[in-house]
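> Okay, handing you the structure first.
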Amino acid sequence: MADLLKDWSLKTKNFMESDVKKRAGVIFGLLQEQYPKVEPALDYTSPFELLIATILSAQCTDERVNIVTKDLFKKYKTPQDYIKVDSEELEQDIFSTGFYRQKAKSVKNCCTELVEKFNGEVPADFEKLNSLPGVGRKTASVVAGNAFGIPAIAVDTHVKRLSNLLGFIDSKNPDKIEERLKELLPESLWVDSSHLLATHGRRICFARRPNCHECVIGSLCPAFNPEKKKSKEKK
Ligand code: SF4
Numbered sequence: 077m078a079d080l081l082k083d084w085s086l087k088t089k090n091f092m093e094s095d096v097k098k099r100a101g102v103i104f105g106l107l108q109e110q111y112p113k114v115e116p117a118l119d120y121t122s123p124f125e126l127l128i129a130t131i132l133s134a135q136c137t138d139e140r141v142n143i144v145t146k147d148l149f150k151k152y153k154t155p156q157d158y159i160k161v162d163s164e165e166l167e168q169d170i171f172s173t174g175f176y177r178q179k180a181k182s183v184k185n186c187c188t189e190l191v192e193k194f195n196g197e198v199p200a201d202f203e204k205l206n207s208l209p210g211v212g213r214k215t216a217s218v219v220a221g222n223a224f225g226i227p228a229i230a231v232d233t234h235v236k237r238l239s240n241l242l243g244f245i246d247s248k249n250p251d252k253i254e255e256r257l258k259e260l261l262p263e264s265l266w267v268d269s270s271h272l273l274a275t276h277g278r279r280i281c282f283a284r285r286p287n288c289h290e291c292v293i294g295s296l297c298p299a300f301n302p303e304k305k306k307s308k309e310k311k
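No gaps in the numbering here: position 140 of the sequence shown is 216 in my numbering, and each next residue is one more.
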């Protein structure tokens, strides 16, 4: 691997496509070594719970969602439970996840569709998941990949940021990022790739102050900048 790394100019993002693929392969290999057990940060025991938790996780931390769903999942066990409760009561129950009115509406609409079209079951199919009210590509990918083992890449804020920093793409568009990662990675890595980038983003590559000098993929990253932390520490 050392020879492979030596051949790449890390001062430029103008890699040949084949080099980018090789680099992506090495990067994800190193991340897998660093984080051998990656899994969703959201707590759930069924595809339905994962679907609800993922809807609630929009603009909210996974930690906060887990606090809320601890009680929520005891109170609401089926789509019918969410449908029959008053909106105000549901809003109260999910209040601390933020955007609670819109989220309560999304959860209710989604559950209504689950009952009317899918017999109350969460469909094990990406397109059907994506067709549910309040379920975008990210949520559909999370559920498809983690609950059903369907190859999918969920592009969250960390995946978006790190894909750009690592020079895989120059775009903030989640659909384009998803498409690009799918070009670069084998299907077998799609689900874990989101977890690996999100874990690295949470533990090392912080948005404001990436910890480049402790980064296992630093030698492969065009944004490598160990001085950033040193200069901040001096202040
Ligand atoms: S080298 Fe720095 S910017 Fe690049 S992935 Fe690592 S922590 Fe992030």
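Even for Gly, the Cβ is constructed at its ideal location relative to N, Cα and C.
Quick caveat: nothing in here was measured; it's all calculated off a predicted structure.
For G105, count neighbouring C-beta atoms within 10 Å of its own C-beta (all shown protein chains included) and say buried if the count is 16 or more, exposed if not.
exposed
> Taking C-alpha atoms, which residue in K146, S270, L261 and S122 lies nearest to H234?
Residue S270 holds the alpha-carbon nearest to the alpha-carbon of H234 among K146, S270, L261 and S122.
> Near T145, which residues of its chain fall below 8 Å by C-beta distance, leaving aside the five closest residues on each side in sequence?
L118, D119, Y120, E125, I128, A129 and L132
> Please classify A283: is it buried, with 16 or more other beta-carbons within 10 angstroms of its beta-carbon, or exposed?
A283 is exposed by the Cβ-count criterion.
> By the DSSP assignment, the alpha helix (DSSP H) with S313 in it spans what residues?
Because the chain spans 77 through 311 in this model, residue 313 falls outside it and cannot be assessed.
> Quick one: what's got a C-beta closer than 7 Å to D246's C-beta in the same chain, skipping five residues either side?
Take D246, set aside five residues on each side of it, and the residues of its chain with a beta-carbon closer than 7 Å to its own are N240, in chain order.
> Report yes if the C-beta of L106 is less than 7 Å from at least one heavy atom of ligand 1; otherwise report no.
no
> Should N240 be listed as close to ligand 2, given that the test is whether its C-beta is under 7 Å from any heavy atom?
The model depicted lacks ligand 2 and carries ligand 1 instead.
> Using the Cα positions of N206 and L265, report the straight-line distance between them to the nearest angstrom.
In a straight line, the C-alpha of N206 is about 21 Å away from that of L265.
> Exposed or buried, which one is E259 when buried takes at least 16 other CB atoms within 10 Å?
Residue environment for E259: exposed (fewer than 16 other C-beta atoms within 10 angstroms of its C-beta).
> Could you give the first and the last residue of the continuous alpha helix (DSSP H) run that contains R279?
Annotation: the continuous alpha helix (DSSP H) that includes R279 extends over E263 to R279.
> Taking 8 Å as the CB-CB limit, is N240 close to chain D?
In the structure shown, chain D cannot be found, because there is only a single protein chain.
> Tell me the rounded alpha-carbon separation between V102 and E254.
So the alpha carbons of these two residues sit roughly 19 Å apart.
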